[in-house]
Each structure stands twice: as structure tokens, then as C-alpha cells.
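Here the sequence shown is numbered in the working numbering, starting from 63 and rising by one per residue.
What follows is one structure encoded as C-alpha cells, with my remarks underneath.
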Amino acid sequence: MDLCNIDTIRAVLGRHGFRFSKSLGQNFLTEAWVPARIAESCGVDETSCALEVGPGMGCLTEQLSKRAGQVCSIELDRALFPVLEETLADCHNVEIVQGDVLKCDLASICREKFGGKPVYACANLPYYITTPAITAMLESKAFSAITVMVQKEVAQRICACAGSSDYSAFSIYIAYYAQAEILFDVPRDCFVPQPKVDSAVVRLIPRSEPPVQVSNEKLLFTLIKAAFGQRRKTLANALGGVLGASLGKAGIVQLITDCGFDARVRGEKLSLEDFAALTQLAEQRMQQA
């Protein structure tokens with residue numbers, strides 16, 4: 063069964079009375095090279111296991127089952143279970159579980175299903191849950207690698223460098239927890255229903271240790287969030303709500319210049335390393351205030 067063939071998709075879904083859900087962001091792949099390339103690129107082999115989020119028709123699940131020792135796919139929509147029972151009937155190393163990736167304990171699922179074997183995460187993520195889903199997968203610390211298909215502009219933000227138009231607080235968050243790489247683009251005409259935007263596949267390799275060391279991780283991300291909260295503001299003005307009570311406006315400007323930055327710099331110009339240095343000095347100044 064060609065699970066990316068549009069006639070097959072319509073026939074199978076028709077047999078089970080399945081209707082696409084806009085609220086769940088459901089778009090199924092119609093080009094077989096896409097799931098094959100994702101599975102080939104994700105790093106899984108017969109000695110390891112794959113956790114998939116959102117199997118859809120099961121085209122990526124099928125490709126993963128050919129390469130992995132075991133596959134566990136998490137699907138939110140119960141209406142897809144009879145569809146997957148048919149399409150994955152010959153994939154004996156696959157288990158489908160009902161659940162919401164944003165609510166599941168991913169680390170516990172990996173331990174329960176795979177024991178101590180290495181686990182690789184794969185997902186064709188609905189656009190509306192991209193950021194929280196990636197965050198959940200990274201913070202679970204359960205995966206050797208995370209390979210996800212996301213909206214192309216989100217992929218560009220994930221991998222953006224300081225100073226670029228795509229650079230965001232999420233870019234820095236990703237850089238703190240993982241090494242990110244865009245593997246390839248997936249045009250919008252590779253899906254049914256066809257979305258309004260193109261997609262891209264991104265691979266994240268979780269870091270064993272962050273690339274910077276700070277004594278107050280919470281403060282680091284508080285400053286980053288504030289810096290990008292209003293991009294048109296200078297960094298000094300953006301940090302007023304966080305540091306103003308302790309340091310005052312003049313103290314914030316002094317903090318920024320003592321870190322070697324122009325007093326009028328905007329947060330989007332600072333790298334993760336720059337924010338780490340700012341955080342360390344800010345914590346010292348706050349303790350002295």
C-alpha cells in the first residue's frame with residue numbers, strides 16, 4: 063500500500079469515514095520521498111527506537127518501522143486509530159498510543175516502551191503546537207536526536223543567528239539546548255490538504271551540557287524573553303521591567319556598556335554567549351544593590 067498516493071489516501075480515509083480536522087492542523091504527505099528521507103536522516107537503526115508524534119496516515123511510521131528496532135507513535139485523534147490499524151497492519155514493531163505530546167510524560171513513555179535503548183524522536187508537527195512540542199521534547203532529555211517537519215519560517219527561526227531578521231528568543235533557547243540544522247525543504251504541494259506555506263525538516267541534537275555556563279538559568283531566559291518582547295526597543299529599555307527596580311535606568315545602561323555593548327544596542331544583536339555574560343554581571347549587580 064502506497065501511503066503517499068492520493069488515491070490510496072482518499073480510499074482508506076473514505077472507508078473509515080475520516081475527515082481532516084483544521085483545528086488539529088492535519089495535513090498528510092503525498093510524496094513518498096519525504097517520509098523516506100526523514101526516516102533516513104533521523105539517525106535511528108535496528109539497535110535503537112523511534113518515538114513519533116502525529117503519525118497521520120502512517121507513511122513516516124512505516125519508514126521508521128523498516129529501520130528502527132521498535133516504534134511508538136503518539137496520536138491525539140482517535141478517529142485515526144482504525145485508519146492506522148489498516149495502513150500499518152504489516153508493521154509488527156509499531157505501537158500506536160493515544161495521547162497529547164503537550165501533556166504526555168515523554169521520558170516515562172520512552173522508559174516504558176523502550177527500556178534503556180537510544181530513542182530518536184520524529185514528528186510532522188502541526189504548526190500551532192510547534193514551539194511547545196519541540197520544547198517538551200528537548201526538556202524531556204529522552205532523545206538522542208529530534209527530527210521535525212515544521213513551517214519553513216519556523217525552521218529558519220530555529221536555526222537563526224544573532225542579528226538576522228529571523229533571530230528570536232526561541233533561536234537562543236534552541237541554541238542553549240541543542241545543535242540545530244535544516245536538512246531540507248518540503249514544498250506545500252507535497253501535502254493534502256495543501257497548506258498555505260512551505261515546510262522544512264529540522265534536526266536537533268540535544269546537548270549534554272549547555273554551551274554557556276550561568277549561575278542563574280532562570281534569569282538568563284527572563285532577560286532573553288524581555289529583550290525580544292518588544293524588538294523595537296533598545297535593550298536598556300526592554301530590560302527596565304526586569305532590572306529597573308534593582309538597578310534603575312542608569313544602572314541598566316551601565317550594565318550593558320560594562321559588558322562591552324553600545325548603550326543603544328537592541329537585544330536581537332546579542333548572541334547566547336552575550337546574554338550569558340549579561341546575566342552573570344546582572345546577577346552580581348542585583349546582589350550588590
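Backbone N, C-alpha and C define an ideal beta-carbon position, used for all residues, glycine too.
Just so it is clear, the structure is predicted and the values come from calculations on it, not from any experiment.
Three or more Cβ pairs closer than 8 Å define a contact, and the segment 228 to 236 falls short of that threshold against the segment 64 to 80. Between the alpha carbons of Ala298 and Thr123 lies a distance of about 49 Å. Between the segment 98 to 110 and the segment 79 to 87, the count of C-beta pairs closer than 8 Å stays below three; the two stretches do not touch. Assigned with DSSP and collapsed to three states, Asp251 falls in helix. Checking the DSSP bridge columns, you'll see Tyr182 partnered with Ala112 and Ala207.
Under the three-state reduction of DSSP output, Phe232 falls in the helix class. Per the DSSP secondary-structure output, Arg265 pairs in a beta bridge with Thr209 and Glu243. The beta strand (DSSP E) runs lying completely inside the segment 263 to 323 and spanning 3 residues or more number zero.
The C-beta distance from Ile208 to Leu266 rounds to 4 Å, short enough to meet the 8 Å contact threshold. A Cβ-Cβ contact shorter than 8 Å links Ala183 with Leu113. Residue range Cys121 to Arg129 is occupied by the alpha helix (DSSP H) that includes Ser127, with no beta strand (DSSP E) assigned at that position.
Annotation: Glu108 to Ile100 spans about 16 Å, alpha carbon to alpha carbon. Listed as beta-bridge partners of Phe90 by DSSP are Val254.
Inter-residue distance for Lys165 and Ala198 is about 9 Å (C-alpha atoms, whole angstroms). Comparing alpha carbon positions, the residue from Gly225, Gln349 and Lys128 closest to His154 is Lys128. An exposed status is given to Pro249, since fewer than 16 other beta-carbon atoms sit within 10 Å of its beta-carbon. Membership of Cys153 in any alpha helix (DSSP H) is not indicated, and neither H nor E is assigned to it by DSSP.
Contact between Ala240 and Lys203 does not hold, since the beta-carbon distance rounds to 11 Å and is not under 8 Å.
When the five nearest sequence neighbours on each side are left out, the beta carbons in the same chain lying within less than 6 Å of the beta carbon of Cys111 are those of Ala130, Gly131, Gln132, Phe176, Lys179 and Val181, in order along the chain. The beta carbon of Ile220 is closer than 6 Å to those of Ile236, Ala242 and Val264 in its chain, skipping five residues each way along the sequence. Judged by DSSP in its simplified three-state form, Cys134 adopts strand.
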